[in-house]
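These protein sequences, in sequence, are chains A and B.
With the working numbering applied, the first sequence covers -17 to 631.
With the working numbering applied, the second sequence covers -17 to 631.
A virtual CB, placed ideally from N, CA and C, is assigned to each residue, including glycine.
To start, the structure itself, in structure tokens.
2 protein chains.
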Amino acid sequence: MEYNVIFQPSGRRGKVEEGKSLLTASHELGVDIEAPCGAHKVCGKCKVKIETGFFEKFGIDSKIENLSPLTEEEKKILKAEELTENYRLACATLIQGDVLIFVPEESRKADQVVLDTGKERVFKLDPAVKNYYVEMTKATLDDHRDDLQRLQDALKAEFGLDNLSIDYFALRELPNVIREQDWKVTASVLYDREIIDVKPGFAQKWYGIGIDVGTTTVAAYLCDLKTGQMLIKDGMMNPQVRYGEDVLSRITYAMMNDDGRDKLHDSIIEGINTLASRMTEKVGLTPNDVVEITLVFNTAMHHCLLNLEPKFMGRAPFAPAISVPFDVKARDLGININKSANIHVLPVEAGFVGPDNVSVLIAEEPYKQDEEVRLLIDIGTNGEIDLGNSKKLLSTSCATGPALEGAQIKFGMRAAPGAIEKLRIDPETLECTYRVIGDEKWHGRGSKGNAKGICGSGIIDMVAEVFKAGIINKTGKMNAKLETDRIRRDENGKLEYVLIYAEDSGIDKDITVTQGDIRAVQLAKSALYVGAKMLMRHLGVDKIDRVTLAGAFGSFIDQESSMVIGMFPDCDLSKVHAVGNAAGDGAQAALLDQGKRIEARDVAASVEFIETAVEHDFQERFAEAMAFPHQVDAFPSIQHILDKIPGYK
Amino acid sequence: MEYNVIFQPSGRRGKVEEGKSLLTASHELGVDIEAPCGAHKVCGKCKVKIETGFFEKFGIDSKIENLSPLTEEEKKILKAEELTENYRLACATLIQGDVLIFVPEESRKADQVVLDTGKERVFKLDPAVKNYYVEMTKATLDDHRDDLQRLQDALKAEFGLDNLSIDYFALRELPNVIREQDWKVTASVLYDREIIDVKPGFAQKWYGIGIDVGTTTVAAYLCDLKTGQMLIKDGMMNPQVRYGEDVLSRITYAMMNDDGRDKLHDSIIEGINTLASRMTEKVGLTPNDVVEITLVFNTAMHHCLLNLEPKFMGRAPFAPAISVPFDVKARDLGININKSANIHVLPVEAGFVGPDNVSVLIAEEPYKQDEEVRLLIDIGTNGEIDLGNSKKLLSTSCATGPALEGAQIKFGMRAAPGAIEKLRIDPETLECTYRVIGDEKWHGRGSKGNAKGICGSGIIDMVAEVFKAGIINKTGKMNAKLETDRIRRDENGKLEYVLIYAEDSGIDKDITVTQGDIRAVQLAKSALYVGAKMLMRHLGVDKIDRVTLAGAFGSFIDQESSMVIGMFPDCDLSKVHAVGNAAGDGAQAALLDQGKRIEARDVAASVEFIETAVEHDFQERFAEAMAFPHQVDAFPSIQHILDKIPGYK
């Protein structure tokens, strides 16, 4: 006998054989219902509601009696009000007549995940580590199988997982774990190949961390691998900073000291361990619950973190030790999470263009875009720039320096509560107003904003605003002649502009912008600008259709400010977007969707690396780009703004 | 043009194209010449001698001029006298005419290895870890390949090795290693799959250790993986002895103490580390030169060494955590050899029949024997017994106790210098003579032999001899009435027989055999006898064609003594052989020939395990077997010896 079964809200319908469960029917009709316990009436996830009555549209009479009677397990799992509302477990309910079933939101299988760290991104939910619940047959004298074989057989029978190996440390506890809840266990399996963790009973909690290890800043994202949800993010200064501010000084440190490599390695590993324990503690977990970490970084940080000899990265021909993506046990790196956890290292592209740029690419996917010529700038101590589309993609890297991350700026700080993230200067009064991270309100003179310093997005605003207000000229030189108390000379006789007076600041000191700060930003923005222009020349284009600004900033960079200082060539302002930490988003994407690892491997192999710093006219072009916004190039998109600047011709 | 090329002493001949090297010619004609450097004129192993003159038999005129001129590399590598004797390097010498070549012994490729630890055994030389020498192309700005890729490409081009991975710790030093000797390296590759070590230049030294971890004794064999030669053997008491003398007491220790498992694990690992550093030091190596270890042990020791929960091994249904063979990194076990070294664990058979018995089987290969019914006894604290042939093979294990390894025997000791290994008692005078390990000479009363104690083979002789001399009767009871000063009562009034008086011993004490010693040996031999008889019943045979006695003894067990005490059922004495530590030999075989690992896996799966201790008549049969040689069963093969025993009817 066959009966009509209809699933709502999807509207999927068809004939299903008598005696099949609603769960089986849902599979046959292409409806995804969650059943993580493998239909063992344990997890209660496959809850559905039986709609009763005659449905004219479908010509069926849906009745409770058309289904098998309520089981003991359902009585235990379903709440009283759910029972009165005709909820059932799809796995426990057998079809004996026509029925119309409503599948509530929470029972529908999540097959995609929405990242909302900066820009909203949608990915497939398909983590490399998955949990599988199985019930094994108990060992007897007649059944000589060992514990592992028993687990492997169950995973094969229930999920078709074949040829599974087991990590040594997961094996050690196996005999105890499988007997703790009567031969029922949940196995965490990496790449459907290796059992890396086994927990007693039905355990659906397993977690991963995506980490973007910048030269200056480390950003980490703890994610639930079951739901794809990012639970918490955290960050810190890269502890390697004490051994050198930029990658070359760290490589030099490693070369000049016998234990240099170990110290660089140990310090960042210690940092990661701090982040892992701090983040898990905040959400009521332990580091042992973390079964995977994805890592992105530039190539030098890649070597320094992994303790690979970095010395040959610092000299031509800049060959890395390894560039393919690879997996290593957390314990081999000294990372204190689950003992059998996996660390996935994203691929290196070429030279100093590392996994962090690959990560930006898999987050932004310019290779899926057909016509538009897109410029992607990832701002960090090493800036990475990509240009192109699905036809051709070029990349380069440039020595931006840490200015845009707050280092080398007198009152610079990383994006953290207390940092100025937005800033405006009135061109008439030369008064400054600003907004601080953690506070929605704008502050100005006489309003205590408790600012402690200024972070990346604030720094870009600050330079753009002093330029727009005529406080600095086209060459970046401060104007001593303006009528305001805010421009003054410091103890060394150098000019500075007071952003916030001590009585309004959070540090009992005036917060100022110095001539040195302006110079540091000029060097940084010039490096980015020239990199972009050189890629345009190589691609043979003279116009950019779209600009995407990425970086680990507190808030999004202001697109107008960034173009006014000349950080990149002219582009329609409405096509300039800041997306937050795209490298961090890519690390999460690779954590939650193993398909992204394949994409990363492919794009790393196909993107063409251009060594722009060796171009014959690099120095000349660099000097031209030091001016605000540029000595030679025109910026039609912001000409109306430039025209209003006092003294700008 | 083609020329006649003849290789001696193999006599292989054929036409070879002009311009090909002698090495290439040898491959074409099926002659194996050593060329570990891959024909790079580096290693000097492919030395051959050019025979000159007209060879009537072959109709060729072999001349030096028929080959390309001597190269600079050959002048450097070949000695002056070799040059005058027309030696050349086969890889550097090109064919330009007819030649007759003699390949000296040392240039022929070793494809088999002869183990000579006890019995001479011949295996194929095919270790799981092999060394490959390659010369890479140097990194340039135009060639963006990373270091690993460069190495992988070279290994693929030269040796056809594809899809090679690299162990993380081998990767760390790769950039330095490949640049140290101008992009020439030797890679150690595990299973032709994973690069586990890379050394600068041409390095053909790599080593492995086969280890037999007995309940009481650990035996280790350091082997050269290049030549297959065993360089040194060493042994020690199993340091776990302090936590329990037998497997059940160790399992109990692990269960009753929170850190019990860790202590058991740590102590044996420390022992292995001691052995590895002691052995390598003695032959001028370091533990870092050791790239692989094979481990055999009984199943309980398997769990205790690997720190797998052993508790369920001690109770029905005796399920092990894992039984398949597996590989684990030395570093994960805490074994201090090469950081990336592999530990290969041989498979468990069933219950207490562990990898040590599998190891005996691959050493002795009874499964390759067609007709003869063979009994294999591996004597240890746990005795393992196999019976059968290629048609069917049964196995069982029995609780022998450590008596035959020297424990529980008043003056027992392990096989080491100073231990009595052979012993005779004159039935007329009741005087004892003996031989000590490390001394060829036989000693008796008045001859200082410096014996410190008595080891396994000596213990079996000792019991057989006191029985044959009538010092003990059929039931094992000592006879107080014999006329000799050697039989006396100890301080507790118990009878004992003095083997060696204090003035002749090496410990300033009389060395004696006590009534307790006799009882301990009776329990051990009875367990082995009953195990063998039960297997005979299961196999349906009443006669054994061949007996092989294995065990980690100082010298071979005397076949007559072992049958006189009734250690196994009657068998033609000429068909009883002692083979030394076959389990240790199997561990070496698996180290030197990876094909043996497949054989081990297959035999572990096919041998049928019989739980003899649960048979209904076990206790009764055990009691009968306590007598010398047996209470009921006849021993026609040694009846003539038994007939001469005073008081034996």
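In the DSSP assignment, what residue or residues form a beta bridge with P182 (chain B)? Translated into the one-based positions of the second sequence, residue 182 (chain B) becomes position 200. Per DSSP, B:V167.
Can you list the residues of chain A that Y150 (chain B) reaches, using a CB-CB cut of under 7 Å? Residue numbering aside, residue 150 (chain B) sits at position 168 when the second sequence is read from its first letter. Within 7 Å Cβ-Cβ: V310, D314.
First and last residue of the beta strand (DSSP E) that includes H284 (chain B)? Here residue 284 (chain B) is taken as the residue at index 302 of the second sequence, counted from 1. Run containing H284 (chain B): none in the beta strand (DSSP E); it sits in the alpha helix (DSSP H), 281 to 288.
Which value, in whole angstroms, describes the spacing of the CA atoms of D241 (chain A) and V180 (chain B)? In the first sequence, the residue the question calls residue 241 (chain A) occupies position 259. In the second sequence, the residue the question calls residue 180 (chain B) occupies position 198. Roughly 21 Å separates the two Cα atoms.
What's the C-alpha gap between Y349 (chain B) and P109 (chain A)? To locate residue 349 (chain B), count along the second sequence from 1; it is residue 367. To locate residue 109 (chain A), count along the first sequence from 1; it is residue 127. Distance between the alpha carbons of Y349 (chain B) and P109 (chain A): 47 Å.
Helix, strand or coil for F300 (chain A) per DSSP? For the purposes of this step, residue 300 (chain A) is identified with residue 318 of the first sequence, where counting begins at 1. Coil at F300 (chain A), not helix or strand.
Ignoring anything shorter than 4 residues or poking outside the segment 236 to 278 of chain A, list the alpha helix (DSSP H) runs there in chain order. 242 to 264
I want to verify the contact list: residues of chain A whose CB lies under 9 Å from the CB of K293 (chain B), in sequence order. For this step, residue 293 (chain B) is matched to residue 311 along the second sequence. Simply P157, N158.
On the DSSP bridge assignment, give the partners of T122 (chain A) in chain order. For the purposes of this step, residue 122 (chain A) is identified with residue 140 of the first sequence, where counting begins at 1. Its beta-bridge partners are A:D125.
Would you kindly check if the distance between the Cβ of A565 (chain B) and the Cβ of A345 (chain B) is under 9 Å? Locating residue 345 (chain B) in the second sequence gives position 363, where the first residue counts as 1. Locating residue 565 (chain B) in the second sequence gives position 583, where the first residue counts as 1. Against a cut-off of 9 Å, the Cβ pair of A565 (chain B) and A345 (chain B) comes out as a contact.
Report all residues from its chain with a CB closer than 8 Å to the CB of P611 (chain A); omit the five preceding and five following residues, and keep chain order. Numbered from its first residue, the first sequence carries residue 611 (chain A) at position 629. Same-chain partners within the cutoff: M545, V546, I547, G548, F617, I620, L624.
Considering only residues of the same chain and omitting the five flanking positions on each side of I441 (chain B), which have a CB-CB separation below 8 Å? Residue numbering aside, residue 441 (chain B) sits at position 459 when the second sequence is read from its first letter. Once the five neighbours on either side are set aside, the close Cβ partners of I441 (chain B) are A385, L386, G388, I391, G394, D499, V503.
Taking all protein chains shown into account, decide if L65 (chain B) is buried (16 or more other Cβ within 10 angstroms of its Cβ) or exposed. Numbered from its first residue, the second sequence carries residue 65 (chain B) at position 83. Using a 10 angstroms sphere on the CB of L65 (chain B), the tally of other CB atoms stays under 16, which defines it as exposed.
Return the residue from the list B:G475, B:G488, B:S508, B:K507 that minimises the CA-CA distance to Q497 (chain B). Position 515 of the second sequence, counting from 1, holds the residue named residue 497 (chain B). Looking at the Cα atoms, B:G475 is the closest of the given residues.
Contact check, V480 (chain B) vs T457 (chain B), beta carbons under 9 Å: The residue given as residue 480 (chain B) occupies position 498 in the second sequence. The residue given as residue 457 (chain B) occupies position 475 in the second sequence. Result no, Cβ atoms of V480 (chain B) and T457 (chain B) do not sit closer than 9 Å.
In chain A, which residues lie with their C-beta within 7 Å of the C-beta of L143 (chain B)? The sequence position of residue 143 (chain B) within the second sequence is 161, counting from 1. Within 7 Å Cβ-Cβ: nothing; L143 (chain B) doesn't reach chain A, min ~16 Å.
Beta strand (DSSP E) runs wholly inside the segment 403 to 459 of chain A, at least 3 long, in chain order: Counting whole runs of 3 or more residues, the segment 403 to 459 of chain A contains the beta strand (DSSP E) stretches 414 to 418.
Measure the alpha-carbon distance for S379 (chain A) versus I250 (chain B) and round it to whole angstroms. The residue you call residue 379 (chain A) lines up with position 397 of the first sequence. The residue you call residue 250 (chain B) lines up with position 268 of the second sequence. For S379 (chain A) and I250 (chain B), the distance between alpha carbons rounds to 53 Å.
Proximal residues of chain B, C-beta to C-beta of A298 (chain A) below 7 Å: Numbered from 1 along the first sequence, position 316 holds the residue referred to as residue 298 (chain A). The contacting residues are L123.
Under 8 Å from the C-beta of P302 (chain B): neighbouring residues of chain A: Walking along the second sequence from the start, residue 302 (chain B) turns up at place 320. Chain A residues near P302 (chain B): D128, D129.
State buried or exposed for V104 (chain B), treating a residue as buried only when at least 16 other CB atoms are found within 10 Å of its CB. The residue given as residue 104 (chain B) occupies position 122 in the second sequence. So V104 (chain B) ends up on the exposed side.
Less than 6 Å between C-beta atoms, sequence neighbours within five positions excluded: which residues of the same chain meet that for N324 (chain A)? Here residue 324 (chain A) refers to the residue found at position 342 when the first sequence is read from its first residue. Correct list, in chain order: L172, E274, D309.
Give the C-beta separation of E291 (chain B) and E155 (chain A) to the nearest angstrom, bearing in mind that I take them to be a contact with Cβ-Cβ under 8 Å. Counted from its first residue, the second sequence places residue 291 (chain B) at position 309. Counted from its first residue, the first sequence places residue 155 (chain A) at position 173. E291 (chain B) to E155 (chain A), Cβ: 7 Å. Contact.
For the segment 520 to 603 of chain A, list the alpha helix (DSSP H) runs that are entirely contained and at least 4 residues long, ordered along the chain. 541 to 546, 564 to 574, 577 to 588
Rounded separation between D206 (chain B) and V272 (chain B) - CA only: Within the second sequence, the letter at position 224 stands for residue 206 (chain B). Within the second sequence, the letter at position 290 stands for residue 272 (chain B). Each residue's alpha carbon lies about 9 Å from the other.
Measure the alpha-carbon distance for K39 (chain A) versus L49 (chain A) and round it to whole angstroms. The sequence position of residue 39 (chain A) within the first sequence is 57, counting from 1. The sequence position of residue 49 (chain A) within the first sequence is 67, counting from 1. Spanning the two alpha carbons is a distance of roughly 21 Å.
Within 9 Å of any Cβ in chain B, is that where the Cβ of R579 (chain A) sits? Position 597 of the first sequence, counted from the start, is the residue given in the question as residue 579 (chain A). No, its Cβ sits nowhere closer than 9 Å to a Cβ of chain B.
Please say whether F604 (chain B) and S508 (chain B) have beta carbons closer to each other than 9 Å? For the purposes of this step, residue 508 (chain B) is identified with residue 526 of the second sequence, where counting begins at 1. For the purposes of this step, residue 604 (chain B) is identified with residue 622 of the second sequence, where counting begins at 1. Cβ atoms of S508 (chain B) and F604 (chain B): closer than 9 Å.
Count the CB pairs spanning the segment 260 to 270 of chain A and the segment 193 to 210 of chain A that are closer than 8 Å, and state whether there are at least three. yes
Sheet register partners of E(-1) (chain A) (DSSP bridge): The sequence position of residue -1 (chain A) within the first sequence is 17, counting from 1. DSSP lists A:E(-16) as the beta-bridge partner residues of E(-1) (chain A).
Return the residues of the segment 276 to 292 of chain A that lie within a Cβ-Cβ distance of less than 9 Å from chain B, sorted by chain order. H285, L288, N289, L290, E291, P292
Those residues which DSSP pairs with G370 (chain A) across a bridge: Counting from one through the first sequence, the residue named residue 370 (chain A) turns up at place 388. DSSP output for G370 (chain A) lists A:R356, A:L375 as bridge partner(s).
Please report the distance separating the alpha-carbon of A586 (chain B) from that of A609 (chain B). On the second sequence, residue 586 (chain B) is found 604 positions in, with the first residue counted as 1. On the second sequence, residue 609 (chain B) is found 627 positions in, with the first residue counted as 1. C-alpha separation (whole angstroms): 34 Å.
Minimum Cβ-Cβ distance from S305 (chain B) to chain A less than 9 Å: Locating residue 305 (chain B) in the second sequence gives position 323, counting from the first residue. Taking Cβ atoms only, chain A reaches closer than 9 Å to S305 (chain B), which makes this a yes.
Look up S322 (chain B) in the DSSP assignment and say whether it is helix, strand or coil. Here the question's residue 322 (chain B) lines up with position 340 in the second sequence. Coil.
Any alpha helix (DSSP H) of 4 or more consecutive residues that is wholly inside the segment 59 to 89 of chain A: 62 to 66
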